[in-house]
Amino acid sequence: MIERALHFFKKADEDGHHILIPTVVIAEILAPEPNETYPVYMKVISENFMIGEFNTLCAVIYANLLHDKFNNLKQFAHDNGIRREKMKADFMVVATALAYNANVIYSNDKEVISYSKGLIPANNLPKLPEQQLDLFPEK
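Per this note's numbering, the sequence shown starts with residue 429, numbered consecutively.
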């Protein structure tokens, strides 16, 4: 997966695309790591990506996404074994993408992709291109 992500980042950079990382995703990245590594992670992230702060516009969009859907979402979460906290974070990712006018969401999280339907295109990270065998290596 890391190799796919690195290839995706390189290709996006080559094509002049900007990558937005929502702050809720940054929190998920940092959470399992030792505290002393946070500054290193944040330096790399802030120098290479746009950071999508979960601001008041995101909060309003999030509220609109969930308005009148709590009972259906509770049932969906229960039926699919999804924790409430994860569902909230996933909707925060979608709300942040919408607030920052992202063109597409790339995620390997099937729920994020599902919650994005009809709102913003969402896809898995692209697969790595097939490697061509070097039949005649240089000596």
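For each residue, glycine too, the CB sits at the ideal point set by N, CA and C.
Spatially closest choice to residue i from the options, by CA coordinates
| i | options | result |
| --- | --- | --- |
| glycine 546 | Asn463, Asn500, Leu526 and Ala440 | Leu526 |
| glycine 480 | Glu461, Ile548, Ala455 and Lys538 | Ala455 |
| histidine 495 | Ala433, Asn536, Ala523 and Ile510 | Ala523 |
| proline 450 | Val468, Lys555, Lys438 and Ser474 | Ser474 |
Three-way DSSP call (helix, strand, coil) for residue i in this model
| i | result |
| --- | --- |
| proline 450 | strand |
| alanine 459 | coil |
| alanine 550 | strand |
| tyrosine 469 | helix |
| isoleucine 541 | helix |
| tyrosine 534 | strand |
| arginine 432 | helix |
| lysine 555 | coil |
Cα-Cα separation, residue i to residue j
| i | j | result |
| --- | --- | --- |
| glutamate 431 | leucine 501 | 34 Å |
| asparagine 499 | alanine 530 | 28 Å |
| glutamate 442 | leucine 448 | 16 Å |
| aspartate 507 | lysine 514 | 14 Å |
| valine 452 | tyrosine 466 | 15 Å |
| valine 477 | histidine 446 | In the sequence as presented, valine is not what sits at residue 477; that position holds phenylalanine. Distance between the alpha carbons of phenylalanine 477 and histidine 446 is about 7 Å. |
| alanine 440 | methionine 470 | 20 Å |
Host beta strand (DSSP E) of residue i (start-end)
| i | result |
| --- | --- |
| isoleucine 479 | 478-480 |
Supposed contact pair residue j and residue i - C-beta distance, whole angstroms, cut 8 Å
| i | j | result |
| --- | --- | --- |
| aspartate 518 | valine 532 | Not quite, the Cβ-Cβ distance comes to about 16 Å (not below 8 Å), so this is no contact. |
| leucine 553 | asparagine 536 | 6 Å |
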